[in-house]
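Engineer: Dropping the structure in here first, questions after.
Number of protein chains: 2
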Amino acid sequence: MPSARERVRAELTAEITDAARRQLAEVGAAALSLRAVAREVGMVSSAVYRYFPSRDDLLTRLIIDGYDDLGAAAEAVDDPTAGPADRWLAVCRAVRSWALGHPHEYALLYGSPVPGYQAPKDTVPAASRVGIVLGRILGEAARAGALADGSGERDADLVSDDAVAVLGGEHPALDETVRVRALLAWSALFGTISFELFGHFVGSVEDADRYFDRAMGDLARLIGF
Amino acid sequence: MPSARERVRAELTAEITDAARRQLAEVGAAALSLRAVAREVGMVSSAVYRYFPSRDDLLTRLIIDGYDDLGAAAEAVDDPTAGPADRWLAVCRAVRSWALGHPHEYALLYGSPVPGYQAPKDTVPAASRVGIVLGRILGEAARAGALADGSGERDADLVSDDAVAVLGGEHPALDETVRVRALLAWSALFGTISFELFGHFVGSVEDADRYFDRAMGDLARLIGF
DNA sequence: AAATGGCGAGAGCGGTGCTCTCGTTCGGCT
DNA sequence: AGCCGAACGAGAGCACCGCTCTCGCCATTT
């Protein structure tokens, strides 16, 4: 059982991360100041260092929480009984609407890496969640016969076994073409969202909502389902 | 004719931007310090403000230069006499290799927007150059009969007229499907490069070089050329 | 009851962006 | 030719930043 000391420590840690998340949502990661966070929770800045060894560690915490929040949103919206095309579009929409609702957090996750490349190890499980959701959808679509009209060549060791496992393990239909297409769909989804959020579509796309649906629908159809 | 004063001013401005570009390449945009730039050119920090009203303006200068450099690289490698598939892949490779050679500049251009969304007006012409190169390739491919096996529906006002102009003006073959596919290809290219550069492919892609060629080749084939 | 260790506060270091005020110097106008 | 204003570089200074260290306080553990 947690001692009283551990409990209040956990509470204060949560209070700090909450304040940091609030500040992140307001001013963005670049302007997130540990001192301002300390002020908001009524501490002096040096006291915060009892809980986070550095500002980057605080940001890493926010990154992991962000990945988990986004991953949960993607998982929540995926209905395994629906068809792959519907599932795909639903998850794409969920990811986009999360991004639009949390622009600074999205930028922290999928924009430029902030510090000198922080420890990715801790973030990997959380970061994988939405990829796993998409991989499951695409993998099942592939096993159902879709996505398989490619050249079918096996370009060994192009996509790692970990990524293949996400698609649902070894299966004759999961040749290299399917693997590449899954990764392509994944990065195209986030490329589209990033372009919209970071302003690269300004002047090109008139109606972002409708363009997104069209683009993701076309993408799914092109890939084969 | 430029007066002597204007000349030395232009020289000093160039010296400052050069030093800033060097520092950007070394430590990245987030850690780029106007004071350090001033030190490098042998000035005191306040003197730099005679040439750039703020740090963000200096960054904006670097952004425009970066877009121009990347755009020039894309234009240089495009051979109008080649086939669309070859041209597409060549430009994709050129963009990627520029990004790999200038990771911090790429992050500045296509990562999270650094300040509170700086003036995009000045950056637009430079930022459009690689999009124009890609648009020209895809537009010519479409007029040659490719990219046209879509539904052909005309979802008016989805893609702006500016973007259509990039594809080569009005043409019966340039229906909404082609427009969406062109934008999709564009954002998929940069989504792929961003994922590679920002580490989202770690654990999924084994051989980045070969994956990129495969992905961009598959993408072109899927889109229709 | 005493010792240990976690904790918050404060001072301080070097760094940042940016502003303001000084002399100086240079160029265009009378 | 001479002057006057504009441009310029330097310096000091402000508020803020991340981070470190030290010092008392207090609770938990022994």
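Just so you know, the sequences run in chain order A and B. Note that the numbering used here has the first sequence beginning at 5, numbered continuously upward. Note that the numbering used here has the second sequence beginning at 5, numbered continuously upward. Even glycine gets a Cβ: it sits at the ideal position worked out from N, Cα and C.
Considering just the uninterrupted stretch of the alpha helix (DSSP H) at A/E210, what are its terminal residues?
Structural biologist: Neither: A/E210 is in no alpha helix (DSSP H) and is coded neither H nor E.
Engineer: Confirm, please, whether the CB-CB distance from B/H108 to B/A29 is below 7 Å.
Structural biologist: Going by C-beta atoms, B/A29 is nearer than 7 Å to B/H108.
Engineer: Once the 5 residues before and after A/G143 are set aside, which same chain residues still bring their CB inside 6 Å of it?
Structural biologist: Taken in chain order, the residues that qualify are L171, G172.
Engineer: Output the distance between the C-alpha atoms of B/D217 and B/V81, rounded to the nearest integer angstrom.
Structural biologist: Near 16 Å, if we compare the C-alpha coordinates of B/V81 and B/D217.
Engineer: Quick check: the Cα distance between A/L193 and B/L16, rounded to an integer number of angstroms?
Structural biologist: So the alpha carbons of these two residues sit roughly 44 Å apart.
Engineer: Answer with buried or exposed for A/E180, where buried requires no fewer than 16 other C-beta atoms within 10 angstroms of its C-beta.
Structural biologist: Label assigned to A/E180: buried.
Engineer: Looking at A/F205 and B/P117, is the spacing between their C-beta atoms short of 7 Å?
Structural biologist: It is not a contact, given that the beta carbons lie outside the stated cut-off.
Engineer: May I ask you to verify whether the stretch 162-170 of chain B touches the stretch 205-214 of chain B, counting CB pairs closer than 8 Å and requiring at least 3?
Structural biologist: Touching, no.
Engineer: Are the CB atoms of B/L138 and B/W102 nearer to each other than 7 Å?
Structural biologist: Going by C-beta atoms, B/L138 is not nearer than 7 Å to B/W102.
Engineer: Output the distance between the C-alpha atoms of B/S50 and B/I20, rounded to the nearest integer angstrom.
Structural biologist: Taking the straight line from one Cα to the other gives about 13 Å.
Engineer: Please specify which runs of the beta strand (DSSP E), each continuous and at least 3 residues long, are wholly inside the stretch 48-103 of chain B, giving them in chain order.
Structural biologist: Taking only runs of at least 3 residues, no beta strand (DSSP E) segment lies wholly in the stretch 48-103 of chain B.
Engineer: Within a Cβ cutoff of 8 Å, which residues of the same chain sit near B/L162, ignoring the five residues on either side of it in sequence?
Structural biologist: Closer than 8 Å at the Cβ level, and outside the excluded window around B/L162, lie E180, R183, V184.
Engineer: Among residues of its own chain, excluding the 5 on either side of A/V52, which ones have a beta-carbon nearer than 7 Å to its beta-carbon?
Structural biologist: Within the same chain, A/V52 has close Cβ partners I20, L38, V41, A42.
Engineer: If B/P88 and B/A145 are in contact, beta carbons under 8 Å, what's the gap, nearest whole angstrom?
Structural biologist: Their Cβ separation, rounded to whole angstroms, is 4 Å, which keeps B/P88 and B/A145 in contact under 8 Å.
Engineer: State yes or no: is the C-beta of B/L151 within less than 7 Å of the C-beta of B/G228?
Structural biologist: Their beta carbons are under 7 Å apart, which means B/L151 touches B/G228 by this criterion.
Engineer: Just curious, the alpha helix (DSSP H) that A/T196 is in, first and last residue?
Structural biologist: 180-201 is the span of the alpha helix (DSSP H), which, as asked, contains A/T196.
Engineer: Are the beta-carbon atoms of B/G221 and A/G195 separated by less than 7 Å?
Structural biologist: Taking 7 Å as the Cβ cut-off, B/G221 and A/G195 do not qualify as a contacting pair.
Engineer: Strictly by DSSP, which residues pair up with A/V163?
Structural biologist: Its beta-bridge partners are B/V209.
Engineer: Using alpha carbons as the reference points, say which of A/F56, A/A98, A/D213 lies closest to A/A14.
Structural biologist: Residue A/F56 is the option with its Cα nearest to A/A14.
Engineer: Which value, in whole angstroms, describes the spacing of the CA atoms of A/R91 and A/S132?
Structural biologist: Taking the straight line from one Cα to the other gives about 18 Å.
Engineer: Name, please, each residue of chain B whose Cβ falls closer than 7 Å to the Cβ of A/L223.
Structural biologist: Neighbours of A/L223 on chain B, chain order: L188.
Engineer: I want to verify the contact list: residues of chain B whose CB lies under 7 Å from the CB of A/A34, in sequence order.
Structural biologist: By Cβ distance, chain B contributes A34, V118.
Engineer: Can you give me the C-alpha to C-alpha distance between B/L93 and A/A98, rounded to a whole angstrom?
Structural biologist: Distance between the alpha carbons of B/L93 and A/A98: 32 Å.
Engineer: Give the residues of chain B in contact with A/E210, contact being defined as C-beta atoms less than 8 Å apart.
Structural biologist: Those within 8 Å of A/E210 in chain B are D161, L162, V163, S164.
Engineer: Compute the minimum distance between the beta carbon of A/A76 and the heavy atoms of the ligand GDP, and state whether it is under 6 Å.
Structural biologist: Ligands are entirely absent from the displayed structure, and the ligand GDP is therefore not among its contents.
Engineer: Could you spell out where the alpha helix (DSSP H) holding B/D22 opens and where it closes?
Structural biologist: 8-31 is the span of the alpha helix (DSSP H), which, as asked, contains B/D22.
Engineer: For A/E200 versus A/A219, is the C-beta distance shorter than 7 Å?
Structural biologist: No.
Engineer: Shorter than 7 Å from the beta carbon of B/F56 to some beta carbon of chain A?
Structural biologist: Not one chain A Cβ lies under 7 Å of B/F56.
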